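Numbering-wise, the sequence shown is residues 3 to 303 according to my numbering.
Each remark here refers to the structure printed beneath this line.
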Amino acid sequence: MIIRDQPSALRLFLVMQGSVVPRIFGKIVAVALLSVAILLIDQRVVRLPRISVAAMSVFGVALSLFLGFRNNAAYDRWWEARKLWGGIIGGVRTLARDATIFLRDPADRADLLDHATAFAHLHRHALRGRGMPGPDDLSLEPEPAQAMLACRNPADAALRAAGERIGALRTSGDLSDFGQMTMARTLAELGTAQAGGERIATTPLPFVYSLLVRRTTYLYCFLLPFALIDAANWLTPVFVAAVAYTFFGLQTVTHELEHPFGIGANALPLDALCRVVDISVAEALGRPAPEPLRPVNYLLL
């Protein structure tokens, strides 16, 4: 995620960090060169047919509606993902308070909250699809950490192990019935947030939306020069490039927002969110808390 102050009016046109220009520059150049070719053919070879500006305006409005709909759907996914991770952070903090209230043994509190920390990190790795951490990277003993990593869903295994630990504490009499119910409810909320994140990660927007928007965008940029030849003449490539930047740029931004758990400039900073979990648990257990992650070149992962 890009974290930076609002740039000045001059720098606004020069900022590349977080901009979609590097990814769509080739498309913009291609569309502009196509416009130049159409102009040259029209003026030096054969007069080409014209398209009504009014017709292209209607076409543009329809395309804008399609792009707006897809952008809204993608942003809803991005924002829901952020709310789910806010729920995870809140759930871990609630569990930390519950452990302080209901568990007298510091070792029991530490064991339970270390499982919660492991859950957050395992869930982050699963959502990003970049492999799981090693046993030494989790705040657990090697044996239970390896057992979790051997499961198909390590994050769920961490919650299950935490639930088993709560049950064992209730059986031994170290946890009251009310404390067990309270902590079990918090674990259920964490599991619900995990399932919501998995749903977003494994269910993209229907491909037909992307296909329709991409085809329509290319078609519009191809036809637009035929509507601007007479009105804009040699400025046609400039106007077409500006329109291409708008439509291709919005299309690219939508694609990034559709996948909120990646590592791109517009993805959620899952590393930083997990660090918040680490800090909350460390402070609850009286351990030295790590420093919050800071943006590097305005990018917070």
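Just so you know, even glycine gets a beta-carbon here, dropped at the ideal spot from N, CA and C.
No experiment lies behind these values; they were computed from the predicted model shown.
- Secondary structure note for F121: its alpha helix (DSSP H) is the uninterrupted segment P108 to R130.
- Its chain contains V33 and A246 as the residues whose beta carbon lies nearer than 6 Å to that of C223, once the 5 sequence neighbours on both sides are disregarded; these appear in chain order.
- With a cutoff of 8 Å on beta-carbon distance, W87 and L275 are scored as near each other.
- DSSP lists no beta-bridge partner residue for L275.
- Taking one beta carbon from each stretch, the stretch 76 to 83 and the stretch 188 to 207 have 3 or more pairs nearer than 8 Å; the two touch.
- Between A203 and F263, the beta carbon gap of about 6 Å places them in contact (Cβ cut-off 8 Å).
- Taking the CA atoms as reference points, V47 sits about 15 Å from I231.
- Under the three-pair Cβ rule at 8 Å, the stretch 119 to 136 counts as touching the stretch 149 to 160.
- With fewer than 16 neighbouring CB atoms inside 10 Å of its own CB, P51 falls in the exposed class.
- For P144, the enclosing alpha helix (DSSP H) stretches over residues P144 to L151.
- The three-state reading of DSSP puts I281 in helix, counting H, G and I together.
- Sequence-distant partners of A229 (beyond 5 residues in either direction) whose C-beta falls short of 6 Å from its own C-beta, in its chain, are I53, V55 and M58.
- Listed as beta-bridge partners of L301 by DSSP are I4 and V298.
- Excluding five sequence positions before and after A109, none of the CB atoms of its chain fall closer than 7 Å to its own CB.
- Taking C-beta atoms as the reference points, A76 and L259 count as a pair closer than 8 Å.
- The Cβ atoms of P292 and D280 lie closer than 8 Å to each other.
- Spanning the alpha carbons of P135 and P146 requires a straight line of approximately 14 Å.
- The shortest CA-to-CA distance from T194 to any of T119, G89, L105 and F68 is the one to G89.
- Looking at L225, A267 and V278, the one whose alpha-carbon comes closest to that of F61 is L225.
- Here DSSP, grouped into helix, strand and coil, assigns H261 to coil.
- In the DSSP assignment, T96 falls within the unbroken alpha helix (DSSP H) covering V55 to F104.
- With respect to A286, L171 sits apart: the two C-beta atoms are not nearer than 8 Å.
- About 5 Å separates the Cβ atoms of P239 and V38, confirming a contact at the 8 Å cut-off.
- P135: not part of any alpha helix (DSSP H); DSSP gives it neither H nor E.
- Put simply, the backbone Cα of S178 is about 14 Å away from that of D107.
- Boundaries of the alpha helix (DSSP H) harbouring D158: P156 to T173, taken from the DSSP string.
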